[in-house]
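Take a look at the structure set out below.
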Amino acid sequence: MEERNKTLGEFIIENQKAHQYSSGELSKIINSIRLAAKVVNYKVNKAGLVDIVGAAGDQNIQGEDQQKLDVYANEVFIQTLINREIVCGIASEENDEFITVEGLDKSHNNKYVVLMDPLDGSSNIDVNVSVGTIFSVYKRVSPIGTPVTLEDFLQPGTAQVAAGYVVYGTSTMLVYTTGHGVNGFTLNPAIGTFYLSHPNMKFPEKGNIYSVNEGNYIQFPQGVKDYIKYCQAEEEDRPYTSRYIGSLVSDFHRNMIKGGIYIYPTSSKAPKGKLRLLYECNPMAFIAEQAGGKSSDGFTRTMETIPTELHQRVPFFCGVEAMVEKAEEFMKNAK
9 MEERNKTLGE FIIENQKAHQ YSSGELSKII NSIRLAAKVV NYKVNKAGLV
59 DIVGAAGDQN IQGEDQQKLD VYANEVFIQT LINREIVCGI ASEENDEFIT
109 VEGLDKSHNN KYVVLMDPLD GSSNIDVNVS VGTIFSVYKR VSPIGTPVTL
159 EDFLQPGTAQ VAAGYVVYGT STMLVYTTGH GVNGFTLNPA IGTFYLSHPN
209 MKFPEKGNIY SVNEGNYIQF PQGVKDYIKY CQAEEEDRPY TSRYIGSLVS
259 DFHRNMIKGG IYIYPTSSKA PKGKLRLLYE CNPMAFIAEQ AGGKSSDGFT
309 RTMETIPTEL HQRVPFFCGV EAMVEKAEEF MKNAK
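Going left to right, the sequence shown walks through residues 9 to 343 as my numbering numbers them.
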């Protein structure tokens, strides 16, 4: 079978031997995410036809209005993971606390925890712009046979055993890594199967796209302002192109394929940054590094940050290695 025609299921089976200390659970987790993504994809694609768009009337732990599809996606992913009997705990951006999964026999014997942003960029739902799902998998650090603890979730990104995202766009793609490179799978909606469409994904060595919400320019740190001016200068291969969707999955996905940097810095409005370390930054950083890119908070590597709380926010610079290093140079020089 040609490499590009492999299904996600076939790819998982073939690569299972590469999963350290896994007796199949990690493969089952990816399979569960594949299933939940197909269900959510179906709802996302018909969201304009039914009363599932718009706000649900509640706010999540972040104080953001929960979109109805947010709530639905959260429930689908949680239930799919619980029903498969493969995880001992789940943390979601939409839930205040982590969820303990004891298993049918109440043994607490499962080895992995999953952290996720079930519907990233959901404010874009009502205007038909791409949204996505982000997930991250860790091996528990608490003893098997006991309930999960907060420490199982507050692990540095370097401890991730898998991470990925689903982008629900003009085509639906699932992109993930288990630490052996990054592969992308595109859904054939006619038969409901993901096929390997983007094997061994890599950031280009050079990029010419910068993705940042320039509307917040006045509130940015001086280093970010200086880097934006650098991107806009008519010198060498610049000015760069500005592209900002406001959906992390979509912006990251484009920048990995075409070559760019994504920046969500601190600001006077968000002094710690806005993106969540555990649900957004760490998984994207893992994927970026596996694809030859780089990720940091402007000074230090994202995945070496020691988390202190479930919903911790951090500044985020991620993309082509050379572009991130140049942005870090401006940050350092502005201190």
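For each residue, glycine too, the CB sits at the ideal point set by N, CA and C.
With a threshold of 16 other CB atoms inside 10 Å of the CB of leucine 112, please say whether the residue is buried or exposed.
Along the sequence shown, read from residue 1 onward, the residue named residue 112 stands at position 104. Exposed, since its Cβ has fewer than 16 Cβ neighbours within 10 Å.
Of the residues Tyr270, Val137 and Thr178, which one's Cα is nearest the Cα of glutamate 222?
Here residue 222 refers to the residue found at position 214 when the sequence shown is read from its first residue. Here the closest residue by C-alpha is Tyr270.
When you compare the CB positions of arginine 92 and lysine 51, do they come within less than 8 Å of one another, or not?
Here the question's residue 92 lines up with position 84 in the sequence shown. Here the question's residue 51 lines up with position 43 in the sequence shown. Cβ distance not < 8 Å, so arginine 92 and lysine 51 don't count as in contact.
Can you give the Cα-Cα distance for glutamate 101 and valine 328, rounded to whole angstroms?
Sequence index remark: in the sequence shown, residue 101 carries index 93 (1-based). Sequence index remark: in the sequence shown, residue 328 carries index 320 (1-based). For glutamate 101 and valine 328, the distance between alpha carbons rounds to 27 Å.
Please determine, among Arg251, Tyr235 and Gly140, the residue with the shortest C-alpha to C-alpha distance to asparagine 349.
Residue numbering for the chain in the displayed model covers 9 to 343; residue 349 lies beyond these limits and cannot be assessed.
Quick check: the Cα distance between glutamate 33 and aspartate 245, rounded to an integer number of angstroms?
To locate residue 33, count along the sequence shown from 1; it is residue 25. To locate residue 245, count along the sequence shown from 1; it is residue 237. So the two alpha carbons sit approximately 47 Å from each other.
Using the C-alpha atoms, what's the distance from lysine 210 back to valine 190?
Your numbering for residue 190 matches position 182 in the sequence shown. Your numbering for residue 210 matches position 202 in the sequence shown. Valine 190 and lysine 210: Cα-Cα distance of roughly 8 Å.
List the residues that DSSP assigns as beta-bridge partners of isoleucine 98.
The sequence position of residue 98 within the sequence shown is 90, counting from 1. The partner list for isoleucine 98 (beta bridge, DSSP) reads Ile107 and Val122.
Per DSSP, what kind of secondary structure is glycine 300 in: helix, strand or coil?
Here residue 300 corresponds to residue number 292 of the sequence shown, with the count starting at 1. Reduced to three states, the DSSP call for glycine 300 is coil.
Which value, in whole angstroms, describes the spacing of the CA atoms of proline 164 and valine 149?
Position 156 of the sequence shown, counted from the first residue, corresponds to residue 164. Position 141 of the sequence shown, counted from the first residue, corresponds to residue 149. Cα to Cα, the separation comes out at about 12 Å.
How should glutamate 11 be labelled, buried or exposed, when 16 other C-beta atoms within 10 angstroms of its C-beta is the threshold for buried?
One-based indexing of the sequence shown puts residue 11 at position 3. Low confidence applies to glutamate 11: its pLDDT is 48, below 50, so where it sits in the model is not reliable, and the reading given next is rough at best. So glutamate 11 counts as exposed.
Using three-state DSSP, classify phenylalanine 19 as helix, strand or coil.
Here residue 19 refers to the residue found at position 11 when the sequence shown is read from its first residue. Reduced to three states, the DSSP call for phenylalanine 19 is helix.
Compute the Euclidean distance between the alpha carbons of glutamine 240 and serine 138, then round it to the nearest angstrom.
Within the sequence shown, the letter at position 232 stands for residue 240. Within the sequence shown, the letter at position 130 stands for residue 138. Glutamine 240 and serine 138: Cα-Cα distance of roughly 27 Å.
Report yes if the CB atom of alanine 170 is closer than 8 Å to the CB atom of threonine 186, and no otherwise.
Position 162 of the sequence shown holds residue 170. Position 178 of the sequence shown holds residue 186. Yes, the pair counts as a contact, with Cβ atoms nearer than the cut-off.
Within 10 angstroms of the Cβ of phenylalanine 161, are there 16 or more other Cβ atoms? Answer buried if so, exposed if not.
Position 153 of the sequence shown holds residue 161. Buried.
Spatial neighbours of serine 255 within its chain, please: CB distance less than 8 Å, with the 5 preceding and 5 following residues excluded, ordered by chain position.
On the sequence shown, residue 255 is found 247 positions in, with the first residue counted as 1. Once the five neighbours on either side are set aside, the close Cβ partners of serine 255 are Asp128, Gly129, Asn132, Val137, Ser138, Val139 and Gly140.
Taking isoleucine 269 as part of the beta strand (DSSP E), name the residues at either end of that continuous run.
For the purposes of this step, residue 269 is identified with residue 261 of the sequence shown, where counting begins at 1. Per DSSP, isoleucine 269 belongs to the beta strand (DSSP E) from 268-272.
Report the three-state DSSP secondary structure of lysine 114 (helix, strand or coil).
By 1-based counting over the sequence shown, the position of residue 114 is 106. In the structure shown, lysine 114 sits in coil (DSSP, three-state: anything other than H, G, I, E or B).
When the distance is taken between beta carbons, is methionine 339 closer than 8 Å to glycine 192?
Here residue 192 refers to the residue found at position 184 when the sequence shown is read from its first residue. Here residue 339 refers to the residue found at position 331 when the sequence shown is read from its first residue. No, the pair does not count as a contact, with Cβ atoms beyond the cut-off.
For alanine 167 and leucine 285, what's the separation of their Cα atoms in angstroms?
Indexing the sequence shown from 1 puts residue 167 at position 159. Indexing the sequence shown from 1 puts residue 285 at position 277. For alanine 167 and leucine 285, the distance between alpha carbons rounds to 13 Å.
In terms of DSSP beta bridges, what is arginine 246 paired with?
To locate residue 246, count along the sequence shown from 1; it is residue 238. In the DSSP output, where bridge partners are listed per residue, arginine 246 has none listed.
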